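A.B. asks: Have a look at the structure that comes next, please.
Protein chains in written order, with the numbering used here: chain A, 1 to 152; chain B, 1001 to 1152.
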């Protein structure tokens, strides 16, 4: 996280931004995911949310998780299949995804391009929860979700 | 502002989003601006910020103003000249702009395309202030700012 004042102008080039570090998706190795990077675009004591950019390589996916806090997501590049609760939907550049509280969700790239998305989130938030075997069984009782979760 | 639950999936088409209203830039007619529209992409009691999309037609500009609250901006389409404090900078798609507290700022389109930007802002925030004649004189003492403010 940047401790210095934020530069008013930070130029974009090739899905990187001036002065913004390319970070691992998760700090620890506990949660399963594949081929995801993270960049924190806005993190400011005067803003009560953060804006992050996540990028998932072709064939990659974010962690299947849920939490009390909400996500406001905009796809910035590429295409994905997204699970929100019991719904699976194909999304593309500039589509919006809203993840309500305590709702299982996961992003998977589709196609040969990386898939990148902006994610707005409260700066103060709870830690994600991972599904138990019972949670997974419940999810798999929904046919579209079972197909989504079986994808490699 | 939407009072109903937010649809988890809202598709993008031609710089509009499913279920998102096209709004006037400002509710009142008091502040000067030209050819700007507003769409609220995320407004949710569980999120402490809002994400808005503003679009400025060719030749248009936002209000010259300042306020205590901070803006986290990403250009989404087109090109602009942006004033932040005493700095004027050309920006283009996906560049980031951070507006610190109580800092005069204005966006002007450049080129023949509309210019659109995302703006993240605290849900609870103060009202913008407009410059006095003395404020404008001080701003114009900076040559680049004087040129920017003289543009039509």
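For each residue, glycine too, the CB sits at the ideal point set by N, CA and C.
All values reported here derive from a predicted model rather than from experimental measurement.
By the criterion of Cβ-Cβ separation under 8 Å, what are the contact partners of residue 41/A in chain B?
C.D. replies: Translated into the one-based positions of the first chain, residue 41/A becomes position 41. Under the 8 Å cutoff, chain B gives 1072, 1074 and 1096.
A.B. asks: Can you name the residues of chain B whose CB is closer than 8 Å to the CB of residue 139/A?
C.D. replies: Position 139 of the first chain holds residue 139/A. Residues of chain B passing the Cβ test: none, with the nearest at roughly 16 Å.
A.B. asks: Rounded to a whole number of angstroms, what is the C-alpha to C-alpha distance between residue 1021/B and residue 1036/B?
C.D. replies: The residue given as residue 1021/B occupies position 21 in the second chain. The residue given as residue 1036/B occupies position 36 in the second chain. Approximately 14 Å, taken between the alpha carbons.
A.B. asks: Any C-beta of chain A sitting closer than 9 Å to the C-beta of residue 972/B?
C.D. replies: Because chain B spans 1001 through 1152 in this model, residue 972/B falls outside it and cannot be assessed.
A.B. asks: For residue 55/A, which beta-bridge partners are listed by DSSP?
C.D. replies: Here the question's residue 55/A lines up with position 55 in the first chain. Note: residue 55/A sits in a beta bridge opposite 37/A and 116/A.
A.B. asks: For the ligand PLP, is there a heavy atom less than 8 Å away from the beta-carbon of residue 1103/B?
C.D. replies: This structure does not include the ligand PLP; it has no bound ligands of any sort.
A.B. asks: Could you tell me whether the Cβ of residue 1061/B comes closer than 9 Å to any Cβ of chain A?
C.D. replies: Sequence index remark: in the second chain, residue 1061/B carries index 61 (1-based). No, residue 1061/B does not count as interfacial toward chain A.
A.B. asks: Rounded to the nearest angstrom, what separates residue 1095/B and residue 127/A at their Cα positions?
C.D. replies: As a first step, residue 1095/B must be located in the second chain, where it is residue number 95. As a first step, residue 127/A must be located in the first chain, where it is residue number 127. Rounded to whole angstroms, residue 1095/B to residue 127/A spans 30 Å at the Cα level.
A.B. asks: When burial is assigned at 16 or more other CB atoms within 10 Å of the CB, is residue 52/A buried or exposed?
C.D. replies: Residue 52/A sits at position 52 when you count from the first residue of the first chain. Counting Cβ neighbours within 10 Å, residue 52/A comes out buried, since at least 16 surround it.
A.B. asks: Return no unless some Cβ of chain A is closer than 9 Å to the Cβ of residue 1104/B.
C.D. replies: Counting from 1 along the second chain, the entry for residue 1104/B is found at position 104. Closer than 9 Å: no.
A.B. asks: Which chain A residues sit within Cβ distance under 7 Å of residue 1011/B?
C.D. replies: As a working mapping, residue 1011/B is identified with position 11 in the second chain. 95, listed in chain order.
A.B. asks: For the beta strand (DSSP E) holding residue 90/A, just list the boundary residues, first then last.
C.D. replies: Sequence index remark: in the first chain, residue 90/A carries index 90 (1-based). Start and end: 87-92.
A.B. asks: Looking at residue 1078/B: is its Cβ nearer than 9 Å to the Cβ of residue 1093/B?
C.D. replies: Position 78 of the second chain, counting from 1, holds the residue named residue 1078/B. Position 93 of the second chain, counting from 1, holds the residue named residue 1093/B. Yes, Cβ-Cβ distance for residue 1078/B and residue 1093/B is below 9 Å.
A.B. asks: Compute the Euclidean distance between the alpha carbons of residue 1018/B and residue 1138/B, then round it to the nearest angstrom.
C.D. replies: Working through the second chain from its first residue, we reach residue 1018/B at position 18. Working through the second chain from its first residue, we reach residue 1138/B at position 138. Straight-line Cα distance between these residues: approximately 44 Å.
A.B. asks: Let me know the secondary structure DSSP gives residue 1024/B once reduced to three states.
C.D. replies: As a working note, residue 1024/B is residue 24 in the second chain. Reduced to three states, the DSSP call for residue 1024/B is strand.
A.B. asks: Just checking my contact of residue 1006/B with residue 67/A at CB under 8 Å: how many whole Å lie between their CB atoms?
C.D. replies: As a first step, residue 1006/B must be located in the second chain, where it is residue number 6. As a first step, residue 67/A must be located in the first chain, where it is residue number 67. 17 Å between Cβ atoms; not a contact.
A.B. asks: Please classify residue 1/A: does DSSP put it in a helix, a strand, or coil?
C.D. replies: Working through the first chain from its first residue, we reach residue 1/A at position 1. Below a pLDDT of 50, predicted positions are generally treated as unreliable, and residue 1/A, at 47, falls in that range; no measurement from the model is reported.
A.B. asks: Any beta carbon from chain A within less than 9 Å of residue 1065/B's own beta carbon?
C.D. replies: Stepping through the second chain from its first residue, residue 1065/B is reached at position 65. Chain A, which has no Cβ nearer than 9 Å to the Cβ of residue 1065/B, makes this no.
A.B. asks: Would you verify that the beta carbon of residue 1089/B is, or is not, closer than 9 Å to some beta carbon of chain A?
C.D. replies: By one-based count along the second chain, residue 1089/B stands at place 89. Cβ-Cβ to chain A under 9 Å: yes for residue 1089/B.
A.B. asks: What residues in the region 1107-1133 of chain B have a beta carbon less than 9 Å from any beta carbon of chain A?
C.D. replies: From the region 1107-1133 of chain B, only 1118, 1120, 1121, 1122, 1123 and 1124 have a Cβ closer than 9 Å to chain A.
A.B. asks: Inspect the beta-carbon positions of residue 1148/B and residue 1088/B and report whether they are closer than 9 Å.
C.D. replies: Counting from 1 along the second chain, the entry for residue 1148/B is found at position 148. Counting from 1 along the second chain, the entry for residue 1088/B is found at position 88. Result yes, Cβ atoms of residue 1148/B and residue 1088/B sit closer than 9 Å.
A.B. asks: I'd like to know whether the C-beta of residue 1142/B is nearer than 9 Å to at least one C-beta of chain D.
C.D. replies: Given the protein chain composition of this structure (A and B), no chain D is represented.
A.B. asks: So is residue 1147/B in contact with chain A if we call contact Cβ pairs under 9 Å?
C.D. replies: Reading the second chain from its first residue, position 147 is the one you call residue 1147/B. Chain A contact via Cβ: absent.
A.B. asks: Whole angstroms are fine: how far does the CA of residue 41/A sit from the CA of residue 1012/B?
C.D. replies: The count along the second chain starts at 1 and reaches residue 1012/B at position 12. The count along the first chain starts at 1 and reaches residue 41/A at position 41. Cα to Cα, the separation comes out at about 22 Å.
A.B. asks: I need the DSSP call for residue 19/A, collapsed to helix, strand or coil.
C.D. replies: If you number the first chain from 1, residue 19/A lands on position 19. The answer is coil: DSSP assigns residue 19/A none of H, G, I, E or B.
A.B. asks: Which chain A residues sit within Cβ distance under 7 Å of residue 1051/B?
C.D. replies: Taking the first residue of the second chain as position 1, residue 1051/B is located at position 51. Those within 7 Å of residue 1051/B in chain A are 72 and 120.
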